[in-house]
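Going down the list, the sequences are from chains A and B.
Just so you know, we're using the working numbering here: the first sequence kicks off at 1 and counts up by one.
Just so you know, we're using the working numbering here: the second sequence kicks off at 1001 and counts up by one.
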Amino acid sequence: MLFNEPSPLETKVLTRRFGLPNSASIDTYLANDGYVAFKKAAGMKPEQIIEEMKISNLRGRGGAGFPTGMKWSFVPRTSPKPKYIVVNGDESEPGTCKDRVLIENDPHQLIEGVLIAGLAVDAHAGYIYIRGEYRYLIEIMDKAIAEAYAQGWLGKNIEGTGFDFELYTHTGAGAYECGEESALLESLEGKRGIPRIRPPFPAVAGAFQCPTVLNNVETYCAVPAILRDGGAAFAALGIPKSGGTKMTCLTGHINKPGVYELKLGFPVKQMIEEVGGGIRLGRKLKAFVPGGSSCPVLTATEVEGATMDYDSMASRKTMLGSGGVIIMDDHTCMVKAALRIMRFYAHESCGWCIPCREGTTWLKKILERFHSGGGTRGDINLIGDISRNMLGRTFCPLGDAAAMPTLSIVEKFRGEFEDHLNGKPCPYEHDMVTA
Amino acid sequence: MTFSPELEARFAKLLTSYPAGRQRSALIPMLMYAQDEVGCVSDELIEEIAKRIGVTTLVVNEVMSYYSMLHRKPLGKYHVQVCTNISCLLNDGDKLYDHACKKLGIGHKGVTADGTFSLEEVECMGACSWAPAIQVNYDFHHFVTPEKLDQLLEGLKDGPLGGPGK
């Protein structure tokens, strides 16, 4: 089911079957170009599939934005070990709820993407790791997998191609860190979700220490369209170096929150005003988060002229990230926002790297004290110092994810921190009324 | 320990879903699905799962304690999880959580005296565009207002037997 009205400004590639009757069923899928790309790929050489992926300019949609075709090409095809396809459906970056609608509305598209990845790297088994909170999606996925087995799209000798593939779902149990690829693999192996030291990268030693392709749900969901219509057609939808569309989640103070599929390079202002119907209650934009709470925030001025793509965001020293857009209006207390973001990362830090474990904990304590009116002028610099000392000093990106938004908030909204220095609780609190 | 035939079938499938010698992979899914039936990860359950997978109880304890959805103590029949993370916060998710505390008379990870409800302030659950959101057991509820929450809880109180996953 769809939770929000689609926008006429969307470019429907991954969402093209959304809204059709029984869109999650294999019958609907097959009647609407389903598994056509797999058949085409089965007739291609693996290197041709990977070449098509490279031409498409598809970049990883989980947040890191690594070129997918290149990632696949790192898998040593000649390795005597079995190879695996792993789907990251742990979706837990705050602000992000796109993989959920992709699985709910079109699970077979994901299966087909996984199968094509299997053809490309000679893998014959795959695991779809889905966060524990998404139990109903695991049920939808299990049903789709059962349908695919029953109709010969999974199992032995799929559609007479001689290609075998087994696919399983695997539930998480509540841990943000398991969205990080190596922690996900640990969790898949029945362990605590502590990241691994890399190299070796999953392409060489991933699931069960075997070569593994590990991508986000949305990344795999883009694969059938790329193989069906050609990589060039997909690339043409975006801008140079980043092809296709991005599932974008509009959240926060926006009139029409929802998940929308937009071409890469879509103007931010148009996205807020026309797709999202503008800021709620006619208020003004104060802060903009492009792709999940770990991205540095942008001010309203910085958003001028920005477009939703990797380069435009990088030039503004932030990231396109996961596509979880968070809109904060001019009544938002940025200290409170920073505090809530830090509470999350302190809760989710796995505790392995000291800069992350201690940094998140102390930043949470300082921000709590600050927001309640007990902060000192020295704390403002201290927040920045601790954040800077976390950056780049942890084995996985969680330390950076906690430090980056905090640093950007304290640097760009320093005045709001100073406003909290009067010994009283938050001066903005009475204004935070949203509706 | 005995489980329902459905759970036994699920266990059997899980134990054959991973490469030979990698049965430990089934640990977290087995705990999750068993918790739904047993009500929590009890000492007895830890021993049973450890035995079936071929690891020590220490390993099961070590792993389960990492994951926030695995609980050692029984939850209420209806486990109310209110998200207060950033996108929900911007839509008054924190006020919704305060309201839930007052309404149920319990706090974070509390259980009502009659065992009907438990409450948890949770981190992002992936409903950011439909905030504020809550989950009751595994069911999502979107755009929840204090009034909608009251109605929902009143309806559940006298409703049919629920339980995780239902």
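Ideal placement from N, C-alpha and C gives every residue a C-beta, glycine not left out.
Integer Cβ distance of residue i from residue j, believed to fall under 8 Å
{"i": "Leu-212 of chain A", "j": "Lys-54 of chain A", "result": "This sequence places Thr at residue 212 of chain A; Leu is not what is there. Actually they do not touch by this definition, with Cβ atoms about 19 Å apart."}
{"i": "Leu-167 of chain A", "j": "Gly-126 of chain A", "result": "5 Å"}
{"i": "Gly-172 of chain A", "j": "Gly-132 of chain A", "result": "5 Å"}
{"i": "Gly-399 of chain A", "j": "Cys-353 of chain A", "result": "6 Å"}
{"i": "Thr-394 of chain A", "j": "Asn-215 of chain A", "result": "Not quite, the Cβ-Cβ distance comes to about 23 Å (not below 8 Å), so this is no contact."}
{"i": "Val-259 of chain A", "j": "Lys-98 of chain A", "result": "5 Å"}
{"i": "Arg-316 of chain A", "j": "Glu-304 of chain A", "result": "In fact, because the Cβ distance is near 10 Å, the residues do not count as touching under 8 Å."}
{"i": "Met-308 of chain A", "j": "Lys-246 of chain A", "result": "6 Å"}
Residue i at chain A interface by Cβ criterion, 9 Å
{"i": "Thr-1084 of chain B", "result": "yes"}
{"i": "Gly-1076 of chain B", "result": "no"}
{"i": "Ile-1053 of chain B", "result": "yes"}
{"i": "Gly-1126 of chain B", "result": "yes"}
{"i": "Leu-1045 of chain B", "result": "no"}
{"i": "Pro-1005 of chain B", "result": "no"}
{"i": "Pro-1029 of chain B", "result": "yes"}
{"i": "Val-1063 of chain B", "result": "yes"}
{"i": "Glu-1008 of chain B", "result": "no"}
{"i": "Glu-1123 of chain B", "result": "yes"}
{"i": "Asp-1150 of chain B", "result": "no"}
{"i": "Arg-1024 of chain B", "result": "yes"}
Residue i versus residue j - alpha carbon distance
{"i": "Glu-1008 of chain B", "j": "Lys-71 of chain A", "result": "39 Å"}
{"i": "Ser-1068 of chain B", "j": "Gln-1035 of chain B", "result": "13 Å"}
{"i": "Lys-191 of chain A", "j": "Glu-418 of chain A", "result": "44 Å"}
{"i": "Arg-280 of chain A", "j": "Asp-329 of chain A", "result": "8 Å"}
{"i": "Arg-16 of chain A", "j": "Gly-118 of chain A", "result": "24 Å"}
{"i": "Leu-1152 of chain B", "j": "His-1142 of chain B", "result": "12 Å"}
{"i": "Met-319 of chain A", "j": "Val-289 of chain A", "result": "9 Å"}
{"i": "Ile-386 of chain A", "j": "His-124 of chain A", "result": "46 Å"}
{"i": "Gly-276 of chain A", "j": "Gly-423 of chain A", "result": "38 Å"}
{"i": "Phe-163 of chain A", "j": "Arg-357 of chain A", "result": "46 Å"}
{"i": "Cys-350 of chain A", "j": "Glu-1120 of chain B", "result": "20 Å"}
{"i": "Arg-100 of chain A", "j": "Ala-1133 of chain B", "result": "14 Å"}
{"i": "Glu-348 of chain A", "j": "Lys-364 of chain A", "result": "12 Å"}
{"i": "Ile-158 of chain A", "j": "Cys-1128 of chain B", "result": "38 Å"}
{"i": "Glu-91 of chain A", "j": "Cys-221 of chain A", "result": "14 Å"}
{"i": "Glu-368 of chain A", "j": "Ile-341 of chain A", "result": "11 Å"}
{"i": "Phe-208 of chain A", "j": "Gln-1023 of chain B", "result": "11 Å"}
{"i": "Phe-413 of chain A", "j": "Met-334 of chain A", "result": "7 Å"}
{"i": "Tyr-1097 of chain B", "j": "Arg-343 of chain A", "result": "16 Å"}
{"i": "Leu-437 of chain A", "j": "Tyr-345 of chain A", "result": "Shown here, chain A extends from 1 to 435; a query on residue 437 of chain A therefore has no answer."}
{"i": "Gly-324 of chain A", "j": "Ser-294 of chain A", "result": "10 Å"}
{"i": "Met-1001 of chain B", "j": "Leu-1045 of chain B", "result": "7 Å"}
Residue range of the unbroken beta strand (DSSP E) whose run includes residue i
{"i": "Met-436 of chain A", "result": "In this structure chain A extends from 1 to 435, so residue 436 of chain A is not present and cannot be described."}
{"i": "Asn-215 of chain A", "result": "212-216"}
{"i": "Gly-126 of chain A", "result": "125-130"}
{"i": "Glu-177 of chain A", "result": "Run containing Glu-177 of chain A: none; DSSP gives neither H nor E here."}
{"i": "Lys-40 of chain A", "result": "No beta strand (DSSP E) holds Lys-40 of chain A; the alpha helix (DSSP H) holding it covers 36-42."}
{"i": "Gly-258 of chain A", "result": "258-263"}
{"i": "Val-13 of chain A", "result": "Counting along the chain, Val-13 of chain A falls outside any beta strand (DSSP E), and DSSP gives it neither H nor E."}
{"i": "Val-75 of chain A", "result": "Neither: Val-75 of chain A is in no beta strand (DSSP E) and is coded neither H nor E."}
Residue interval of the alpha helix (DSSP H) (run including residue i)
{"i": "Ile-1053 of chain B", "result": "1043-1053"}
{"i": "Thr-1057 of chain B", "result": "1057-1064"}
{"i": "Asn-88 of chain A", "result": "Unbroken run through Asn-88 of chain A is the beta strand (DSSP E), 84-89; no alpha helix (DSSP H)."}
{"i": "Gly-118 of chain A", "result": "107-121"}
{"i": "Cys-439 of chain A", "result": "Since the displayed chain A opens at 1 and closes at 435, residue 439 of chain A lies outside it and no answer follows."}
{"i": "Cys-1088 of chain B", "result": "1086-1089"}
is_contact[residue i, chain B] using C-beta, thresh 9 Å
{"i": "Pro-202 of chain A", "result": "no"}
{"i": "Cys-97 of chain A", "result": "yes"}
{"i": "Phe-3 of chain A", "result": "yes"}
{"i": "Ile-341 of chain A", "result": "yes"}
{"i": "Pro-94 of chain A", "result": "yes"}
{"i": "Glu-261 of chain A", "result": "no"}
{"i": "Arg-59 of chain A", "result": "no"}
{"i": "Ser-312 of chain A", "result": "no"}
{"i": "Phe-395 of chain A", "result": "no"}
Ranges of the beta strand (DSSP E) found wholly within the segment 274-329 of chain A, counting only runs of at least 3:
285-289 and 324-329
Determine which residues of the segment 168-189 of chain A have a Cβ less than 8 Å from any Cβ of chain D, and write them out in chain order.
Protein chains A and B are contained in the structure displayed, whereas chain D is not.
Ignoring anything shorter than 4 residues, give me the alpha helix (DSSP H) runs that lie fully in the segment 1096-1163 of chain B, in order along the chain.
1146-1157
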